[in-house]
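Numbering (the working numbering), first residue to last: 372 to 550.
Even glycine gets a Cβ: it sits at the ideal position worked out from N, Cα and C.
Single-structure report; data block below.
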């Protein structure tokens with residue numbers, strides 16, 4: 372890891388801690404101390420996890436590297452606000468609902484649900500596609516959906532309304548639909 376990457380990660384951790392301390396003083400509650408990791412890939416900039424086993428914030432190191440100022444000013448408050456909103460308002464709140472928006476306003480950050488960073492192609496994982504068919508065409512389901520089918524989940528075609536079945540459509544070259 373380069374010195375610049377190390378400095379950026381350190382700044383992200385410090386910014387996360389500063390926001391949590393600010394929230395503790397404002398809301399007069401102890402905030403969780405999350406494990407902070409830089410292991411997200413693909414299009415997601417950040418992720419807050421709240422579980423009985425511990426709290427965790429995951430950041431996308433590539434997006435931090437490519438967009439340092441915006442990342443520090445948008446993504447970090449976004450993820451920390453999830454932890455604060457959950458701690459202050461309870462677990463039954465909507466992820467980007469009024470409570471989360473109020474915390475974002477307190478942090479002075481825009482309450483945007485999604486980032487607008489340019490994501491380089493090929494940074495995420497590529498999922499295998501599996502052929503499924505219905506009455507009208509062949510569909511390409513990802514490995515995730517294919518595994519769900521193996522566990523009993525069913526998908527239907529939005530065009531003809533038939534349930535999808537494994538394998539290519541007999542006698543059809545197949546034009547995979549956007550599934």
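Buried versus exposed call for residue i [16 or more other C-beta atoms within 10 Å across all chains shown]
i, result
"residue 475", "buried"
"residue 442", "buried"
"residue 532", "exposed"
"residue 544", "Confidence at residue 544 is low in this model, with a pLDDT of 47, below 50, so the placement of that residue should be treated as unreliable; the coordinate-derived value is given next. Flag for residue 544 reads exposed."
"residue 478", "buried"
"residue 530", "exposed"
"residue 358", "Limits of the chain in this structure are 372 at one end and 550 at the other, which puts residue 358 out of reach."
"residue 458", "buried"
"residue 417", "buried"
"residue 521", "exposed"
"residue 372", "exposed"
"residue 470", "buried"
"residue 374", "exposed"
"residue 429", "buried"
"residue 385", "exposed"
Closest Cα partner of residue i within the set the options
i, options, result
"residue 388", "372, 529, 452, 523", "452"
"residue 390", "430, 380, 448, 422", "448"
"residue 506", "534, 484, 480, 488", "534"
"residue 504", "520, 528, 498", "528"
"residue 410", "395, 427, 466", "427"
"residue 396", "437, 374, 455", "455"
Neighbourhood of residue i by C-beta distance below 8 Å, restricted to the same chain and skipping five residues each side
i, result
"residue 490", "413, 414, 434"
"residue 546", "Bear in mind that the predicted position of residue 546 carries a pLDDT of just 45, short of 50, making it unreliable; the figure below should be weighed with that in mind. So the qualifying residues of the chain are 508, 509."
Extent of the continuous alpha helix (DSSP H) to which residue i belongs
i, result
"residue 553", "With the chain covering only 372 through 550, there is no way to say anything about residue 553."
"residue 512", "Not the alpha helix (DSSP H): residue 512 falls in the beta strand (DSSP E), residues 509 to 513."
"residue 397", "374 to 398"
"residue 467", "Neither: residue 467 is in no alpha helix (DSSP H) and is coded neither H nor E."
"residue 427", "No alpha helix (DSSP H) contains residue 427, which is instead part of the beta strand (DSSP E) from 425 to 431."
Beta-carbon contacts of residue i that lie in its chain and below 6 Å, excluding the five residues immediately before and after
i, result
"residue 517", "501"
"residue 482", "472, 475"
"residue 484", "467"
For residue i, the residue or residues it bridges with in DSSP
i, result
"residue 516", "Looking at the DSSP assignment, residue 516 forms no beta bridge with any residue, so it has no partner."
"residue 537", "503"
Range of the contiguous beta strand (DSSP E) that encloses residue i
i, result
"residue 418", "417 to 422"
"residue 409", "406 to 411"
Close beta carbons around residue i, own chain, < 7 Å, minus the five adjacent residues each side
i, result
"residue 401", "395"
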